[in-house]
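Student:
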Amino acid sequence: MNAILSLIAVIVLVLIALLGVKTANLHFLFGIAVPYTAIAVFLIGVISRVLKWGRSPVPFCIPTTCGQQKSLPWIKQSKLDNPSTTSGVIGRMLLEVLLFRSLFSNTTFELRKGPKLAYGSTRWLWLGGLAFHWSFFIVLIRHLRLFTEPVPSCLNKLEVLDGFLQIGAPGLLISGVVLLLAVTYLFLRRVFIPEVRYISLAADYFPLFLILSIALSGIIMRYFTKVDIVGVKALTMGLVSFNAAIPEGISVVFYIHLFLVSALLAYIPFSKIMHLGGVLLSPTRNMPNNSRMERHINPWNYPVHVHTYEEYENDFREKMKQAGIPVEKE
Amino acid sequence: MSKTPKPDELSKVDYTPPKTGWMDTPAELKQGMWCYGSKPKNLETLEFPNPRQWSPADEDWKLPENWQETLLNGLKERLDKYRSFKVFMDICVRCGACADKCHFFIGSGDPKNMPVLRAELLRSVYRGNFTTAGKILGKLAGARKLTYSVLKEWWYYFFQCTECRRCSVFCPYGIDTAEITMMARELLNLLGLNTDWISGPAANCYMKGNHLGLEPHTIVGNLEYMLDDIETITGIKIKPSFNRKGAEILFVTPSGDLFADPGTYTAMGYLMLFHELGLDYTWSTYASEGGNFGFFTSNELAKRLNSKIYAEAKRLGVKWILGGECGHMWRVLNQYMDTWNGPADFLQMPKSPITGTIFENAKSTKMVHIAEFTADLIKHGKLKLDPKRNDHLKVTFHDSCNTARGMGIFEEPRYIIKNVCNHFYEMDEHTIREKTFCCGSGSGLNASENMELRMRGGLPRANAVKDVVEKYGVNMLANICAIDRAALPAIMDYWVPGTAVTGVHELVANALVMTGEKERTTNLRGEPLSGMEGKE
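Chains as they are written, first to last, in this note's numbering: chain A, 1 to 330; chain B, 331 to 866.
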C-alpha cells in the first residue's frame with residue numbers, strides 16, 4: 001500500500017511536469033522558477049535542519065565501542081573501532097561515510113532445528129548501498145559539466161573513466177546503469193524481505209521511486225530521445241549565472257527530469273535523506289572513547305538531591321558500631 | 331505467575347510478521363513477558379511522580395489527568411537536551427540492518443522487538459507531534475497520536491529492551507536503541523510507570539547504599555561468611571576493612587557479589603587476591619554498590635545514586651578507586667560518572683602499588699577496572715598461579731554487552747583467563763566481543779515474573795554456549811558482570827543444562843597460590859580439585 005501510494009505520488013509529479021510544459025506551456029515555471037525555488041528550499045532546509053540538531057548539546061560521551069579500549073601499553077588498542085583520539089574518530093567516520101563499514105560487518109541468522117542458531121556474514125545490503133550512493137555521487141559530479149564553462153579537465157577524465165566500456169553512441173556511462181540496478185535492488189529488498197516490508201513507510205518508497213524516475217528520464221534523454229544538449233547547457237549555464245532564459249526546442253523529457261530533481265531537492269530537508277548530514281552528528285560514532293581520560297562536560301548539568309553519608313550514618317549508627325564499622329559521630 | 335513454556339516449545343519461533351501493519355496491531359501484554367509495576371513506597375522514596383498501587387494487567391493504570399501533556403512536554407525537553415535523541419529520531423532510513431540483531435527478536439519473532447520498530451514506536455509519536463510532515467500527512471508519514479494503547483505499547487516494549495546496544499554496532503549511523511529506550515523510560519517515569527524490579531533496587535540503593543538493601547552490619551556479616559569459607563579452604567584468615575579512612579584504595583563492586591552464588595565466589599576471589607597482595611584498600615558500606623538501577627529510570631536518579639562513589643572516596647581520603655566485575659556499572663563509570671559527579675580532583679592518578687603501573691586511561695575518573703588491574707599484575711609476574719587447579723574446567727567467555735559496547739574491555743579478561751585456566755574456548759565469532767549477545771535479563775529485567783521473556787532473550791547467548799559445549803565440552807561460562815552471574819545460571823539450566831557460570835576472579839582465586847596456604851583440596855565452591863578427589 002505504502003509502495004503503491006508512493007508510486008502514484010511520483011506518477012503525479014511526472015504528469016504535472018508533462019502537462020505543465022506540453023499543454024500549458026509553462027516553460028519559465030518549470031525551467032527556471034521551480035529549480036530556483038527547489039534549490040532555495042534545499043539550502044535553507046538543510047542548513048536549518050543541521051543547526052536544529054546542533055542546538056541540542058551532547059551531554060554525555062557515549063560512543064559505541066566496537067573494539068579493544070585503550071588500556072595497558074602492551075594491550076593493542078583497536079584505534080578505529082574504539083578510538084580515543086580525534087584522529088581515530090576521523091578515521092572511523094571516514095570509513096563509515098565513504099565505505100559504510102558498519103554495514104560491511106552485517107550478519108544474517110537462521111534458526112535451524114535443534115534449536116540451532118546459525119550466523120553468517122552478509123554484504124548484500126552493504127554492496128547495494130555502496131553501489132547506490134557512489135554511482136549517484138558520480139552521476140551528480142558528471143552533471144557539473146552542465147554548470148561549468150570551460151568544463152574542468154577532471155570532469156572529462158571522469159566521464160572517460162565512467163564510459164570505459166565504450167558501448168554504443170553516445171557512449172554508455174556505467175554509473176547510470178549501476179544507479180538504476182542499485183535503486184531497483186533497494187526497492188526489491190523492501191518488497192521481498194518480510195521484515196523490511198513490515199517496517200517500510202511511504203517515506204521509504206517515495207524517494208526510491210523518485211530517484212528511479214530521475215535516472216530513467218536521464219537515460220531516456222541521453223540514449224533514446226537524444227535531447228538538444230546545446231539548449232540544455234544554455235539553460236543550465238543561465239541558471240548558475242543568474243541570467244536564466246528558456247532556449248527553444250528542449251524536449252519535455254528534460255523538463256520532467258528537471259522537475260523530479262527539483263522535487264527531490266526540496267524534499268530532502270524534510271525527509272530521511274537527511275541521514276547524509278545526521279551521520280556526521282551521531283554521538284555514538286563521532287566521539288572518542290576517552291571519558292575516563294578527559295572529563296566530558298554536560299552543559300545542562302545541575303545539582304541533584306542525594307542521600308548523604310551523614311544521613312546514612314544517622315540511619316545506621318548503632319548497627320554500624322555493633323559491627324565494628326568506624327563512624328563519624330559516636 | 332504464568333508458567334514458562336518448555337524449551338522445545340519456546341524454541342519454535344515464528345518470524346512471519348502479522349498481516350496487519352504494526353500501527354494497526356495493538357500490543358497484547360502477555361504474562362511472563364513483563365515485570366510487576368512499581369510499588370508506591372519505592373517511588374515515594376525516590377521522590378518520583380504518581381506513586382500508586384497498579385498492575386500492568388489492569389485496564390486502568392491510574393494516570394494523572396494530563397498524562398499526554400506531561401509526556402509530550404517531557405519529549406520536547408529531551409529533544410532539546412540530547413542531540414543523540416534528536417538525531418536518532420530523524421535519520422533512520424529503515425534499512426533493516428538492525429532488524430535481526432536483537433536477542434529479543436531472535437527469541438520471540440515479535441516484529442516490535444526489531445530495534446528499528448522499537449524506535450518507531452516512539453518516533454511515530456515524535457513525527458505526529460513535532461514534525462510538519464507528520465502533522466499534515468499523519469499515518470502516511472509514519473506518524474500517529476499518543477493514545478492510551480500507544481502508551482501501554484511503549485511500556486511493554488521499552489521494558490523488553492536490555493539497552494545492550496547490539497543494534498547500534500550494525501547501524502550505519504550508529505543509532506543506539508539504548509538511548510531511545512532510556513528516553514522512553516524517562517518519559518514513562520514521569521507518570522510513575524516503571525517496574526518494581528527496578529524501582530525497588532533503586533530505592534534500596536538510595537537509602538541503604540546498594541540494590542539488595544544490605545544494611546552495613548549485613549555486609550560485614552556476609553563477608554565474614556566468605557572469610558570463614560576461605561579459611562576452611564586455604565587455611566588463611568583474611569581481615570578486610572570497612573569504611574576505613576586513609577586507605578589507599580576504595581573498592582566498589584556490585585552488591586550482587588556479596589549476596590548470592592556464584593557472585594559470592596567472585597567476591598571471595600577479590601578478598602583472596604587483595605590479601606595476597608597486601609593491598610591497602612577498604613570496602614565501603616555507604617558506597618556499597620557499583621551497579622546503578624537509576625540508569626534504568628532517569629539520568630537524574632542515576633546521577634543521584636552514582637554520587638556516593640566519589641563522595642565516599644573523598645570522605646575516606648583514598649587515592650583512587652578500584653571497581654569490580656560488573657556490566658552496566660562500567661558503562662556508567664566509563665561514560666557518565668566523571669561528567670555527572672566529577673571532577674575527581676581530590677584523588678590521585680591511579681597507580682598500582684604492586685607493579686608501579688600508572689593507569690593513564692583512567693587519569694580523569696581515577697577509577698580502574700579490576701580486570702585491568704589483575705592483567706597488569708599477571709603481566710608483571712606478581713602472582714603465583716597454578717592453572718592446573720582449574721583443569722576440570724573448560725571455559726568460555728561471555729563479553730557483557732555494556733563493557734563490550736560501552737567501554738571495549740576485551741583483551742584484559744581473556745588474558746587473565748588464559749593465565750589461570752588451561753582450557754579456554756571462544757564461542758562463534760558473531761556472538762562475542764562487540765557482537766556479543768545479551769544475557770536477556772539486563773537493564774532491570776532480571777525478575778522472576780518475566781521468565782518467558784528472559785528465556786527468549788537468553789536464547790542466542792545460550793545457543794552459542796551450547797555450540798562450544800557440544801564442540802569442546804565446555805562446562806564453565808565466565809563473565810565480568812554481576813547481572814550475568816545472577817541471570818545466566820537460570821538461562822543455562824533452561825537451555826544448556828550442566829553449564830556453570832563464574833566470575834573471572836573466582837578462577838583467579840582458585841589458581842592463586844597464596845603465601846602460607848595449606849594444600850588446597852577443593853575449589854571455592856567446595857568441589858574437589860582434580861587429583862584431590864577422595865581426600866578430605
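Where is the CB? At the ideal position from N, CA and C, for every residue including glycine.
(1) I need the boundaries of the beta strand (DSSP E) containing M806 (chain B), first residue and last residue.
(2) In whole angstroms, what is the alpha-carbon distance linking K475 (chain B) and E483 (chain B)?
(3) Identify whether M274 (chain A) lies in helix, strand or coil by the three-state DSSP scheme.
(4) On the three-state DSSP scale, how would you describe S121 (chain A)?
(5) Measuring alpha carbon to alpha carbon, tell me which residue in A:V252, A:R317, A:L280 and A:D204 is nearest V5 (chain A).
(6) Is it buried or exposed for P445 (chain B), if we count other Cβ within 10 angstroms and need 16 for buried?
(7) So, using beta-carbon positions, are G404 (chain B) and L517 (chain B) closer together than 8 Å?
(8) From which residue to which residue does the alpha helix (DSSP H) around I869 (chain B) run?
(9) To the nearest whole angstrom, what separates the beta carbons of E578 (chain B) and K649 (chain B), a pair I think is in contact under 8 Å?
(10) So, for F625 (chain B): in the same chain, excluding its five sequence neighbours on each side, which residues have a beta-carbon less than 7 Å away from its beta-carbon?
(11) Using 8 Å as the limit for Cβ to Cβ distance, is E866 (chain B) near chain A?
(12) Can you list the beta strand (DSSP E) stretches of 3 or more residues lying completely in the segment 786-845 of chain B, in chain order?
(13) Of all the options B:E509, B:A357 and B:L837, which has the alpha carbon lying nearest to the alpha carbon of H753 (chain B)?
(14) In three-state terms, what does DSSP make of I688 (chain B)?
(15) Give a yes or no on whether 8 Å exceeds the smallest Cβ distance from T148 (chain A) to chain B.
(16) Would you kindly work out how many angstroms separate the C-alpha atoms of R574 (chain B) and L646 (chain B), rounded to a whole number?
(17) By a C-beta neighbour count over all protein chains shown, 10 Å radius and 16 as the cutoff for buried, is V12 (chain A) buried or exposed?
(18) When you compare only the Cα positions, how much space is there between G620 (chain B) and A705 (chain B)?
(19) State yes or no: is the beta carbon of I193 (chain A) nearer than 8 Å to at least one beta carbon in chain B?
(20) Just list the residues that DSSP pairs P858 (chain B) with in beta bridges.
(21) Nearest chain A C-beta to K411 (chain B) closer than 8 Å, yes or no?
(22) Between which residues of its own chain and T852 (chain B) is the CB-CB distance below 8 Å, once the five residues before and five after are set aside?
(23) Rank A:T308, A:F42 and A:D81 by C-alpha distance to the C-alpha of I273 (chain A) and give the top, closest one.
(24) In angstroms with no decimal places, state the Cα-to-Cα distance between M844 (chain B) and D823 (chain B).
(25) By the three-class DSSP mapping on this structure, what secondary structure does D338 (chain B) have?
(26) Taking all protein chains shown into account, do 16 or more other C-beta atoms lie within 10 angstroms of the C-beta of E493 (chain B), making it buried, or fewer, making it exposed?
(27) Have a look at V14 (chain A) and A215 (chain A) and give me their C-alpha separation to the nearest angstrom.
(28) Which one of A:E149, A:R145 and A:T225 has the shortest CA to CA distance from A169 (chain A)?
(29) One question on the structure: do V795 (chain B) and L783 (chain B) come within less than 8 Å of each other, judged by their Cβ atoms?
(30) What residue from B:E742, B:E756, B:T334 and B:T375 has the CA that sits closest to R634 (chain B)'s CA?
(31) Specify whether the segment 99-107 of chain A and the segment 494-506 of chain B touch according to this definition: at least 3 beta carbon pairs, one from each stretch, less than 8 Å apart.
(32) Would V306 (chain A) count as contacting chain B if we go by Cβ distances under 8 Å?
(33) When the Cα atoms are used, what is the spatial distance from E330 (chain A) to D814 (chain B)?
(34) Could you say if the segment 65-77 of chain A and the segment 711-726 of chain B meet the contact criterion of at least three C-beta pairs nearer than 8 Å?
(35) Please list the residues of the segment 524-549 of chain B that have a C-beta atom closer than 7 Å to any C-beta atom in chain A, keeping them in chain order.
(36) Any contact of the segment 672-691 of chain B with the segment 748-768 of chain B, i.e. 3+ C-beta pairs under 8 Å?
Tutor: Put simply:
(1) Along the second sequence, read from residue 1 onward, the residue named residue 806 (chain B) stands at position 476. Element bounds for M806 (chain B): M806 to N809.
(2) Position 145 of the second sequence, counting from 1, holds the residue named residue 475 (chain B). Position 153 of the second sequence, counting from 1, holds the residue named residue 483 (chain B). The straight-line gap from Cα to Cα measures roughly 13 Å.
(3) Reading the first sequence from its first residue, position 274 is the one you call residue 274 (chain A). Annotated three-state conformation of M274 (chain A) is helix, per DSSP.
(4) Indexing the first sequence from 1 puts residue 121 (chain A) at position 121. If DSSP states are grouped into helix, strand and coil, S121 (chain A) belongs with the strands.
(5) Within the first sequence, numbered from 1, the residue matching residue 5 (chain A) stands at position 5. It should be noted that the sequence gives Leu, not Val, for residue 5 (chain A). Ranking A:V252, A:R317, A:L280 and A:D204 by Cα distance to L5 (chain A) puts A:D204 first.
(6) Counted from its first residue, the second sequence places residue 445 (chain B) at position 115. Label assigned to P445 (chain B): buried.
(7) Counted from its first residue, the second sequence places residue 404 (chain B) at position 74. Counted from its first residue, the second sequence places residue 517 (chain B) at position 187. The Cβ-Cβ distance between G404 (chain B) and L517 (chain B) falls below 8 Å.
(8) Beyond the ends of chain B as shown, which are 331 and 866, falls residue 869 (chain B); an answer cannot be given.
(9) The residue given as residue 578 (chain B) occupies position 248 in the second sequence. The residue given as residue 649 (chain B) occupies position 319 in the second sequence. Contact flag correct, Cβ pair sits at about 5 Å.
(10) Here residue 625 (chain B) corresponds to residue number 295 of the second sequence, with the count starting at 1. Only A632, H658 and V662 meet the Cβ criterion.
(11) Taking the second sequence and counting its residues from 1, the one referred to as residue 866 (chain B) is at position 536. Low per-residue confidence applies at E866 (chain B): pLDDT is 48, beneath 50, and the placement is therefore not dependable, though the value from the model is reported in the following sentence. Under the Cβ distance rule, E866 (chain B) does not count among the residues neighbouring chain A, no pair being separated by less than 8 Å.
(12) 806-809 and 830-833
(13) Along the second sequence, one-based indexing puts residue 753 (chain B) at 423. Looking at the Cα atoms, B:L837 is the closest of the given residues.
(14) Position 358 of the second sequence, counted from the first residue, corresponds to residue 688 (chain B). DSSP places I688 (chain B) in strand when its eight states are reduced to three.
(15) By 1-based counting over the first sequence, the position of residue 148 (chain A) is 148. No, its Cβ sits nowhere closer than 8 Å to a Cβ of chain B.
(16) Locating residue 574 (chain B) in the second sequence gives position 244, counting from the first residue. Locating residue 646 (chain B) in the second sequence gives position 316, counting from the first residue. Between R574 (chain B) and L646 (chain B), the C-alpha separation is close to 7 Å.
(17) In the first sequence, the residue the question calls residue 12 (chain A) occupies position 12. Burial call: exposed.
(18) As a position in the second sequence, residue 620 (chain B) is number 290, starting the count at 1. As a position in the second sequence, residue 705 (chain B) is number 375, starting the count at 1. Those two C-alpha atoms are separated by around 21 Å.
(19) As a working note, residue 193 (chain A) is residue 193 in the first sequence. For I193 (chain A), a Cβ of chain B is located within less than 8 Å of the residue's own Cβ.
(20) Counting from 1 along the second sequence, the entry for residue 858 (chain B) is found at position 528. B:T852, per the DSSP bridge assignment.
(21) Mapped onto the second sequence, residue 411 (chain B) falls at position 81. Yes, contact with chain A.
(22) What you label residue 852 (chain B) is simply residue 522 of the second sequence in a count that begins at 1. Closer than 8 Å at the Cβ level, and outside the excluded window around T852 (chain B), lie I563, P858, L859, M862 and E866.
(23) Here residue 273 (chain A) corresponds to residue number 273 of the first sequence, with the count starting at 1. For I273 (chain A), the nearest C-alpha among the options comes from A:F42.
(24) Along the second sequence, one-based indexing puts residue 844 (chain B) at 514. Along the second sequence, one-based indexing puts residue 823 (chain B) at 493. Looking at the two C-alpha atoms, the distance is approximately 33 Å.
(25) Within the second sequence, residue 338 (chain B) is the residue found at index 8, counting from 1. In the structure shown, D338 (chain B) sits in a helix (DSSP, three-state: H, G or I).
(26) By one-based count along the second sequence, residue 493 (chain B) stands at place 163. Counting Cβ neighbours within 10 Å, E493 (chain B) comes out buried, since at least 16 surround it.
(27) For this step, residue 14 (chain A) is matched to residue 14 along the first sequence. For this step, residue 215 (chain A) is matched to residue 215 along the first sequence. Rounded to the nearest angstrom, the two C-alpha atoms are 13 Å apart.
(28) Start at 1 with the first residue of the first sequence, and residue 169 (chain A) comes out as number 169. A:T225 is the residue among A:E149, A:R145 and A:T225 whose C-alpha sits nearest the C-alpha of A169 (chain A).
(29) The count along the second sequence starts at 1 and reaches residue 795 (chain B) at position 465. The count along the second sequence starts at 1 and reaches residue 783 (chain B) at position 453. No. Outside cutoff.
(30) Indexing the second sequence from 1 puts residue 634 (chain B) at position 304. Selected option, being the one with the closest Cα: B:T375.
(31) Contact between the segment 99-107 of chain A and the segment 494-506 of chain B is present, because at least three Cβ pairs lie under 8 Å.
(32) Here residue 306 (chain A) refers to the residue found at position 306 of the first sequence. Interface residue, yes.
(33) Counting from one through the first sequence, the residue named residue 330 (chain A) turns up at place 330. Counting from one through the second sequence, the residue named residue 814 (chain B) turns up at place 484. The straight-line gap from Cα to Cα measures roughly 40 Å.
(34) no
(35) Y536, M537, G539, E545, P546 and H547
(36) no
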